[in-house]
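In what follows, a structure is listed as structure tokens, so that the remarks can point back to it.
Number of protein chains: 2
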Amino acid sequence: MAGEATRAAILDAAERVFADRGFDGATMRSIAEAAGVNQGLIHYHFDSKERLYGEVFARRAGDINDRRIERLQWLFAEAQPGVPPLEKVIEALLRPTIELGRDPARGGRHYAKLLATAANATDLRSIRLIRRQYDGIAAQFIDAIRRVVPGISRADAVWGYLSAIGIAIPLMARTGRAAELSDGACDDEDVTSVLERTILFTCAGLRALGRTTDRDFRTHPQEAI
Amino acid sequence: MAGEATRAAILDAAERVFADRGFDGATMRSIAEAAGVNQGLIHYHFDSKERLYGEVFARRAGDINDRRIERLQWLFAEAQPGVPPLEKVIEALLRPTIELGRDPARGGRHYAKLLATAANATDLRSIRLIRRQYDGIAAQFIDAIRRVVPGISRADAVWGYLSAIGIAIPLMARTGRAAELSDGACDDEDVTSVLERTILFTCAGLRALGRTTDRDFRTHPQEAI
DNA sequence: GTCTATAGTTCGATAGAC
DNA sequence: GTCTATCGAACTATAGAC
Chain C
1 MAGEATRAAI
11 LDAAERVFAD
21 RGFDGATMRS
31 IAEAAGVNQG
41 LIHYHFDSKE
51 RLYGEVFARR
61 AGDINDRRIE
71 RLQWLFAEAQ
81 PGVPPLEKVI
91 EALLRPTIEL
101 GRDPARGGRH
111 YAKLLATAAN
121 ATDLRSIRLI
131 RRQYDGIAAQ
141 FIDAIRRVVP
151 GISRADAVWG
161 YLSAIGIAIP
171 LMARTGRAAE
181 LSDGACDDED
191 VTSVLERTIL
201 FTCAGLRALG
211 RTTDRDFRTH
221 PQEAI
Chain S
1001 MAGEATRAAI
1011 LDAAERVFAD
1021 RGFDGATMRS
1031 IAEAAGVNQG
1041 LIHYHFDSKE
1051 RLYGEVFARR
1061 AGDINDRRIE
1071 RLQWLFAEAQ
1081 PGVPPLEKVI
1091 EALLRPTIEL
1101 GRDPARGGRH
1111 YAKLLATAAN
1121 ATDLRSIRLI
1131 RRQYDGIAAQ
1141 FIDAIRRVVP
1151 GISRADAVWG
1161 YLSAIGIAIP
1171 LMARTGRAAE
1181 LSDGACDDED
1191 VTSVLERTIL
1201 FTCAGLRALG
1211 RTTDRDFRTH
1221 PQEAI
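Here the protein sequences come in this chain order: C and S.
For what it's worth, our numbering labels the leading residue of the first sequence as 1, then goes sequentially.
For what it's worth, our numbering labels the leading residue of the second sequence as 1001, then goes sequentially.
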């Protein structure tokens, strides 16, 4: 059954081309060329460009989110009857994606670029796609943050979650911007170092939100800034 | 001289259409229609789609960055011989963009969406464009962070700056995701509230980076996480 | 399943009247 | 400056042979 291998080759090629040029910038011709097949065959396997795009996401997102949830549930199970440290929760959220973008063996690097682009894109197609794939996991981690950070409000847990994701997204894309702005002092590629700094930064931010209630903001807006 | 008004109308329309559909998704036809002019006139004023895109960015980026630098220099001048609080520095960085995206009177909302999309895009066109417009300001704020956060390394200042920007970018786009994930508890549109939380979160993260040196990371990677 | 060939659109850009 | 009209190229998708 050569069909499955062909499907995978097309998905790999599409992932790479979509990552480099975006949905509208990518062409079925260039994807076909990159996959070493002809254009008609892509339509045979995936119907339309739109569906192909969706399948590229679905293939990876399921895997990553499974690993995140697995880590998260294991953390809470092991910490019974207490709760795990915040650092571990944030690590469970961020490590799978950061690692995927830096895995030299697999094509995940391209998916990481693609996801980084789509996550902040404002066109309806991207927004719907991201929501479908990632809103479920967001709810679970927001809930976990609330259980682990004492005194944090629901709203602050949501803001904190979105901040963590906001920090992590450009890291996934490995733009090399940190290395550039630091004349090489920052190493984009070092998973351990990147992850440690991100976790440190994010947890400090979340705990600060937990220490400050909403009423403080509203009552003393001038002093709060 | 109706030419200038026409130019502005085309730029406004292009800003809106590019923000909604991206560079490749936007068409010269749709921009012309949105501007109330014909397609040929756009080429008369801006030569090509590529140049039009560049001019849309240049028009706003200069203005925003001027306001950021103005605030920053004023802060340091006023604090002499000391330095201003970190909170003020981060506010100077973030307020102009957050406000622009929420200004109901001007078209800045569309530019904010456009910038959010381009900032994390991985195609070469977007990367070059962002670097040209924003690398200069980045260097100045990284320098300011180093002067204001005691004990922070240059690398951590760069990571911290990029984290702050990473958090702010999705806020600019006003996707409504926070409101959605919190069942309305978070208000994306409230500039004051968004800015206060972001500043609180970011400053806590930066100070945490300042307290932890690089050597700690490398020596005890297990405990650090 | 995989190919070639092409239909049917839509694109960016230009020529030329006014 | 602004318009109409259109060129040539590129696009997605499909039809049909093998």
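C-beta: ideal position from N, C-alpha, C; glycine also.
In the three-state reduction of the DSSP assignment, CYS1186(S) falls in the coil class, being assigned neither a helical nor a strand state. Annotated as distal: LEU1094(S) and ILE1169(S), with beta-carbon spacing of 8 Å or more. Listed in chain order, the non-local C-beta contacts of VAL1037(S) below 8 Å within the same chain comprise THR1006, ALA1009 and ILE1010, local neighbours out to five positions each way being set aside. Only residues of its own chain outside the window of five on either side were considered, and among them ALA1014 and PHE1046 have a CB closer than 6 Å to the CB of LEU1052(S), listed in chain order.
For the region 1034 to 1101 of chain S, not one full-length beta strand (DSSP E) segment reaches 3 residues or more. Contact residues of the region 42 to 55 of chain C toward chain S are absent (C-beta to C-beta distance below 7 Å).
Looking only at THR1212(S), LEU1195(S) and LEU1209(S), the smallest Cα-Cα distance to GLU1087(S) is reached by LEU1195(S).
Any Cβ of chain S closer than 8 Å to the Cβ of ILE167(C) would place that residue at the interface, and such an atom is present. Annotated as distal: THR1202(S) and GLY151(C), with beta-carbon spacing of 8 Å or more.
Per DSSP, the continuous alpha helix (DSSP H) segment holding PRO170(C) begins and ends at 154 to 173. Cβ atoms of ARG125(C) and PHE23(C) come within 8 Å of each other, at about 7 Å. Its chain contains GLY101, ARG102, ARG109, ALA112, LYS113, ASP188 and GLU189 as the residues whose beta carbon lies nearer than 8 Å to that of ARG174(C), once the 5 sequence neighbours on both sides are disregarded; these appear in chain order. Residues of chain S whose Cβ lies closer than 9 Å to the Cβ of LEU209(C) are, in chain order, ARG1197, LEU1200, PHE1201 and ALA1204. Nearest to GLY1176(S) by alpha-carbon distance, out of ARG106(C), LEU162(C) and ASP183(C), is LEU162(C). The criterion of a C-beta distance shorter than 8 Å is satisfied by MET172(C) and LEU115(C). A Cβ-Cβ separation of about 5 Å places LEU209(C) in contact with GLY160(C) under the 8 Å criterion. Contact between VAL89(C) and ILE127(C) does not hold, since the beta-carbon distance rounds to 26 Å and is not under 8 Å. The Cβ atoms of VAL1158(S) and ALA164(C) lie no closer than 8 Å to each other. For VAL1017(S), the enclosing alpha helix (DSSP H) starts and ends at 1002 to 1025. For ARG71(C), the closest Cβ of chain S is not nearer than 8 Å.
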